[in-house]
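Per the numbering used here: the sequence shown ends with 644, consecutive numbering throughout.
In this text, a Cβ means the ideal position worked out from N, Cα and C, and glycines have one as well.
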Amino acid sequence: VKGLQGRFDKDANVVASIKHFMGDGGTDQGKDRGVTKASAEQMMNIHGQGYYPGVEAGAQTVMISFNSWTDTATNTEHGKLHGSRVAITDILKNKLGFDGFVVSDWNGIAEVPGCRNDSCAQSVNAGMDMFMVPDDWKAFIANTTKQVESGEIPMARIDDAVTRIVRVKLRAGLFGKRPSTNAYAGKDAALQDRALARRAVRQSLVLLKNEGPTLPLAKGKKILVVGKTADSISNQTGGWSLTWQGTANTNADFPNADSILAGIREAAGAANVAYSADAAGVNVADYDAVIAVIGETPYAEGDGDIGPTGTLRHSGRHPEDLAVLRAVAGKGKPVVTVFVAGRPLWVNDLMNLSDTFVAAWLPGSEGKGVADLLVAGPKRYDFTGTLSFSWPKTVCQTDLNAGSANYDPLFKLGYGLRTGTRSQLGQLDANYPAGGCGVSDSFPVYGQADRASFPLAIRSGGEFKPLGADLNATFTLPNVSVQTSQINTQQDAKQVTWTGPASIEARGTKAIVLPPQAAQDGALRFDTIVSAAPAGKVTIAMACGANAACGTPLDATALFARLAGKGKQTVKIPLACFSARGANLARVEAPFVVGSSAALTASFTNIDILGGGAKEADAVRCEELK
C-alpha cells in the first residue's frame with residue numbers, strides 16, 4: 019500500500035486497493051466463489067490478517083470477495099459477502115475504521131440471492147459504495163434511484179457512499195491538476211522497478227529439496243535446460259497478465275521481461291547452456307547438470323479450480339512435466355527442478371526424480387531473479403524464502419492448515435532450506451489412488467474448471483480444427499466460426515455460429531468407458547443459450563472414433579427451436595437416448611457432438627455426464643429427439 023500510494027502530493031503514486039474482503043483464500047475445497055467455513059475468530063485472526071496493516075497503511079479502497087461465509091462457531095449463514103452488512107459495515111467500516119470506499123467485484127452483486135446485476139438494494143444497504151456492473155450500469159442507476167425514492171434504500175446510505183468516493187478523489191488529488199500533466203505520464207520506464215522485482219523473486223523462492231552440493235552451479239559448467247516453462251514468460255506470469263486467463267501470451271508480449279532461460283544463459287554464459295523443451299534426442303552425459311523448469315500453465319479464477327474428479331497431483335494435469343524429468347533423471351548428472359506454480363501441489367513423483375527442488379511460485383517478469391540462486395555470480399545469493407502455505411503429502415490432503423487436527427504435511431508452514439542445508443527426504447511415496455478426491459456423480463467433458471479431458475474442436479467437410487487456449491481468438495472453418503462468450507461467468511462459454519453444414523465437438527485423445535457413477539441413469543448435461551430458432555436440422559451425437567458416430571445422431575431440431583430466445587437453459591439428455599440409437603458407452607471418444615445443417619447461433623459451457631440426470635424432472639424425453 020505504501021509503495022503504491024506513498025504521498026498523494028507526489029506524482030509517482032496511485033490509489034491502492036486491498037482485496038478480496040474477506041476469506042476468499044479459505045473457501046471449502048478451494049473453490050472460486052465458494053463458501054468459507056470459519057468462526058468469526060478465525061475470519062478475523064486468519065483471513066483478516068492482511069487487512070489490518072493495509073487499512074492502517076491508508077489503503078483507500080477495498081474490494082469485496084465473491085465468497086460466502088458460514089460461521090462454524092454459531093452455525094450462522096452470512097451468505098454472499100457482497101450482501102453482508104456484518105462484513106462490510108460492522109467489521110470493515112466500523113471495527114477496522116476504514117474510511118475509504120468499498121467496491122464490488124465484477125458483477126458480484128448478482129450472486130446475492132434476490133439481486134441482479136442491475137438491481138441490488140441489499141448490497142447498497144450492506145455498505146457497498148461503488149458497483150462494478152459494466153454491462154448494466156444505466157439500469158442499475160435507474161433501479162437504485164427508484165429504491166431510494168421508495169425508501170428501500172435510506173438516503174443516508176447514498177450520502178455515505180458519495181462522501182467516501184469524493185473523499186478518496188480529493189485525497190488522491192483528482193480535483194486538482196490533470197493526470198496528463200503528471201511528470202511520469204506516458205513514460206513506460208516510470209512503470210518499472212526491475213531491480214526491486216528481481217530481489218522480490220530471489221527472496222520468494224523456496225528450496226524444498228537439496229540432496230547434494232549442487233547449487234549454485236559454477237560458471238563455466240555445461241548446463242542442459244529442459245521443460246516447457248524455461249522459456250515461457252506466459253507461464254511465469256500466470257493468469258491476469260495482459261488478458262484475463264493469460265493463456266495465449268507470448269514472450270514478445272513482454273518486451274520488458276526475461277524468461278528463466280534468458281536468466282540462466284546470462285548467468286552461466288550462453289555458450290554453456292543448451293535448451294530442449296522436451297529433452298528429446300538430448301544426451302545428458304554431455305552436460306554437467308540439468309535444470310528442469312516445469313509447472314502449471316496460466317489460469318485465473320474458476321479456471322484454476324480442481325474439481326471433484328481431480329486431485330492435487332500435478333502430473334495428472336501436466337504429464338509432460340513428468341515425462342521430461344524421466345527423460346533426464348538417473349543419467350548420472352544432478353537434476354535441479356524449478357517448479358513454477360501459483361500454489362502447493364502434490365509433486366512427490368517429480369521430487370523423486372530431482373536432486374534439488376525449488377518452488378518458484380510465479381516469478382513474473384524477472385526470470386533473472388531465479389537464475390541468481392541457481393548459478394554462481396559475482397555476488398552470492400542464498401535461499402531465504404519459506405513456505406507461506408503447507409505443502410501436501412498426499413493427493414487429497416485438504417484442508418491443510420497449521421493448527422488443524424491431524425496436521426501432517428510433507429513440508430510445514432515456514433519450511434525452507436538454505437543452500438548449505440541438506441535434506442534427507444529419501445524416496446517419497448509416489449502412489450496415488452485412482453479417481454478424484456471428491457465424491458461426484460458428474461463426469462466433466464468441457465468447462466472452465468479442472469481442465470476437462472475433452473477439448474473442443476470444430477469440423478466442416480473434411481477439415482478439423484481444435485480450439486486453442488486463447489480466449490480472445492476466433493476460430494473459423496467453412497460454414498462455422500467460434501468465439502468466446504459468457505453464459506454464467508465472463509468468458510466461460512463458446513459461441514458457435516453456423517452458416518451451413520458443420521459441427522462442434524468435445525473430443526479426447528482416445529476412447530473411454532464412462533465411469534459407472536456417471537453412466538448410471540446418466541444424462542449428457544450442458545448449459546446453452548440459443549439465440550434464434552435453427553434454420554435447418556440440428557443433431558446431437560456421441561462419437562466412437564475419428565469420424566464415426568456412436569449410432570445414429572439424435573435429431574435435436576425441435577429441442578433447439580424450443581430453447582431459442584429464452585436465455586440460459588440447462589439441457590439434460592438421457593444417455594439411454596444415445597444407447598437406443600446404437601451408441602456404445604464403453605467406447606466414447608467424443609461425448610458431445612452438435613451439428614447443424616444451416617444457420618444457427620448457440621453458446622455452450624459446463625458440459626458433463628451427470629449420474630442420475632436422466633431421472634430428473636427437467637430431463638429431455640427421448641421421444642423429443644426423433
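Can you give me the start and stop residues for the alpha helix (DSSP H) that residue 142 sits inside?
Indexing the sequence shown from 1 puts residue 142 at position 124. Note, residue 142: alpha helix (DSSP H), 139-144.
May I have the straight-line CA-CA distance separating residue 281 from residue 387, to the nearest angstrom?
Position 263 of the sequence shown holds residue 281. Position 369 of the sequence shown holds residue 387. The straight-line gap from Cα to Cα measures roughly 7 Å.
Is the CB-CB distance between residue 433 and residue 405 below 8 Å?
The count along the sequence shown starts at 1 and reaches residue 433 at position 415. The count along the sequence shown starts at 1 and reaches residue 405 at position 387. Yes, these two residues count as a Cβ contact at 8 Å.
Residue 613 by DSSP, collapsed to three states: which one?
Within the sequence shown, residue 613 is the residue found at index 595, counting from 1. Strand.
With DSSP collapsed to three states, give me the class of residue 440.
Taking the first residue of the sequence shown as position 1, residue 440 is located at position 422. If DSSP states are grouped into helix, strand and coil, residue 440 belongs with coil.
Helix, strand or coil: how does DSSP classify residue 549 here?
Against the sequence shown, residue 549 aligns to sequence position 531. Three-state DSSP puts residue 549 in coil, outside helix and strand.
Residue span of the alpha helix (DSSP H) that contains residue 211, given as start and end:
The residue given as residue 211 occupies position 193 in the sequence shown. From DSSP, residue 211 is part of no alpha helix (DSSP H); its letter is neither H nor E.
Hey, out of 135, 113, 479, 22, whose CA is closest to residue 123's CA?
Start at 1 with the first residue of the sequence shown, and residue 123 comes out as number 105. Of the candidates 135, 113, 479, 22, the one whose C-alpha sits nearest the C-alpha of residue 123 is 135.
Could you have a look at residue 374 and say whether DSSP puts it in helix, strand or coil?
One-based indexing of the sequence shown puts residue 374 at position 356. The answer is strand: DSSP assigns residue 374 an E or B state.
Residue 70 lies in the alpha helix (DSSP H); which residues open and close that run?
Locating residue 70 in the sequence shown gives position 52, where the first residue counts as 1. Membership of residue 70 in the alpha helix (DSSP H) is indicated by the continuous run 69-74.
DSSP beta-bridge partners of residue 636:
What you label residue 636 is simply residue 618 of the sequence shown in a count that begins at 1. Paired residue(s): none; residue 636 is not in a bridge.
Minimum C-alpha distance to residue 160 - residue among 146, 138, 177, 180:
Position 142 of the sequence shown holds residue 160. Closest in alpha carbon position to residue 160, among 146, 138, 177, 180, is 138.
Which value, in whole angstroms, describes the spacing of the CA atoms of residue 559 and residue 344?
Translated into the one-based positions of the sequence shown, residue 559 becomes position 541. Translated into the one-based positions of the sequence shown, residue 344 becomes position 326. Taking the straight line from one Cα to the other gives about 39 Å.
Closer than 7 Å to a non-hydrogen atom of the ligand GTP - does that hold for the CB of residue 189?
You won't find the ligand GTP in this model; it holds no ligand whatsoever.
What are the boundary residues of the alpha helix (DSSP H) that includes residue 597?
For the purposes of this step, residue 597 is taken as residue 579 along the sequence shown, with counting starting at 1. Secondary structure note for residue 597: its alpha helix (DSSP H) is the uninterrupted segment 593-598.
Decide if the stretch 513-523 is in contact with the stretch 488-501; the criterion is three or more beta carbon pairs, one per stretch, under 8 Å apart.
The stretch 513-523 makes contact with the stretch 488-501; the number of CB pairs closer than 8 Å reaches 3 or more.
Along the chain, where does the beta strand (DSSP E) containing residue 477 start, and where does it finish?
Translated into the one-based positions of the sequence shown, residue 477 becomes position 459. That run of the beta strand (DSSP E) goes 474-478.
Report the residue from 439, 436, 419 whose alpha carbon sits nearest the alpha carbon of residue 430.
Numbered from its first residue, the sequence shown carries residue 430 at position 412. When each option's Cα is compared against that of residue 430, the closest is 419.
Here's the rule: buried if 16 or more other CB atoms are within 10 angstroms of the residue's CB, otherwise exposed. What is residue 283?
Along the sequence shown, read from residue 1 onward, the residue named residue 283 stands at position 265. When all chains shown are included, residue 283 counts as buried.
Short of 6 Å in beta carbon distance, which residues of its chain neighbour residue 633, apart from the five on each side in sequence? Order them along the chain.
The count along the sequence shown starts at 1 and reaches residue 633 at position 615. In chain order, 539 place their CB closer than 6 Å to the CB of residue 633, counting only its own chain and leaving out the 5 sequence neighbours on each side.
For residue 226 and residue 399, the rounded distance between their alpha carbons:
Here residue 399 refers to the residue found at position 381 when the sequence shown is read from its first residue. Here residue 226 refers to the residue found at position 208 when the sequence shown is read from its first residue. Computed Cα separation, rounded: 17 Å.
Look up residue 134 in the DSSP assignment and give the residues it is bridged to.
By one-based count along the sequence shown, residue 134 stands at place 116. Partner(s): 137.
Ends of the alpha helix (DSSP H) at residue 333?
The residue you call residue 333 lines up with position 315 of the sequence shown. Taken as a continuous stretch (DSSP letters only), the alpha helix (DSSP H) holding residue 333 covers 332-335.
Determine, using beta carbons only, whether residue 41 and residue 93 come nearer to each other than 8 Å.
By 1-based counting over the sequence shown, the position of residue 41 is 23. By 1-based counting over the sequence shown, the position of residue 93 is 75. No Cβ-Cβ contact shorter than 8 Å links residue 41 with residue 93.
Please classify residue 490 as buried or exposed, where buried requires at least 16 other C-beta atoms within 10 Å of its C-beta.
Along the sequence shown, read from residue 1 onward, the residue named residue 490 stands at position 472. Residue 490 should be labelled exposed.
Output the distance between the C-alpha atoms of residue 77 and residue 119, rounded to the nearest integer angstrom.
Translated into positions along the sequence shown, residue 77 becomes position 59. Translated into positions along the sequence shown, residue 119 becomes position 101. For residue 77 and residue 119, the gap between their C-alpha atoms comes out near 10 Å.
Which residues bound the alpha helix (DSSP H) around residue 386?
Position 368 of the sequence shown holds residue 386. DSSP places residue 386 inside the alpha helix (DSSP H), whose first and last residues are 385-392.
Suppose you measure from the CA of residue 522 to the CA of residue 347; what does that come to, to the nearest Å?
Translated into the one-based positions of the sequence shown, residue 522 becomes position 504. Translated into the one-based positions of the sequence shown, residue 347 becomes position 329. The C-alpha of residue 347 is placed about 41 Å away from the C-alpha of residue 522.
Could you spell out the range, first to last residue, of the alpha helix (DSSP H) harbouring residue 281?
If you number the sequence shown from 1, residue 281 lands on position 263. Run containing residue 281: 278-286, per the alpha helix (DSSP H) assignment.
Would you kindly work out how many angstroms separate the C-alpha atoms of residue 481 and residue 615, rounded to a whole number?
Taking the sequence shown and counting its residues from 1, the one referred to as residue 481 is at position 463. Taking the sequence shown and counting its residues from 1, the one referred to as residue 615 is at position 597. In a straight line, the C-alpha of residue 481 is about 16 Å away from that of residue 615.
To which residues does DSSP link residue 523 through a beta bridge?
The residue you call residue 523 lines up with position 505 of the sequence shown. The beta-bridge partner set that DSSP reports for residue 523 consists of 475, 611.
With H, G and I counted as helix, E and B as strand and the rest as coil, what does DSSP make of residue 222?
Against the sequence shown, residue 222 aligns to sequence position 204. In this structure, residue 222 counts as helix in the three-state DSSP scheme.
Roughly how many angstroms separate the alpha carbons of residue 151 and residue 164, rounded to a whole number?
One-based indexing of the sequence shown puts residue 151 at position 133. One-based indexing of the sequence shown puts residue 164 at position 146. Roughly 18 Å between the two C-alpha positions.
Tell me the rounded alpha-carbon separation between residue 26 and residue 117.
Here residue 26 corresponds to residue number 8 of the sequence shown, with the count starting at 1. Here residue 117 corresponds to residue number 99 of the sequence shown, with the count starting at 1. Within the model, the alpha-carbon separation for residue 26 versus residue 117 is close to 16 Å.
Let me confirm a value: residue 585 is counted as buried when at least 16 other C-beta atoms fall within 10 Å, else exposed. Which label applies?
Position 567 of the sequence shown, counting from 1, holds the residue named residue 585. It counts as exposed.
Rounded to whole angstroms, what's the CA-CA distance from residue 301 to residue 290? Just pull it up for me.
Walking along the sequence shown from the start, residue 301 turns up at place 283. Walking along the sequence shown from the start, residue 290 turns up at place 272. Each residue's alpha carbon lies about 15 Å from the other.
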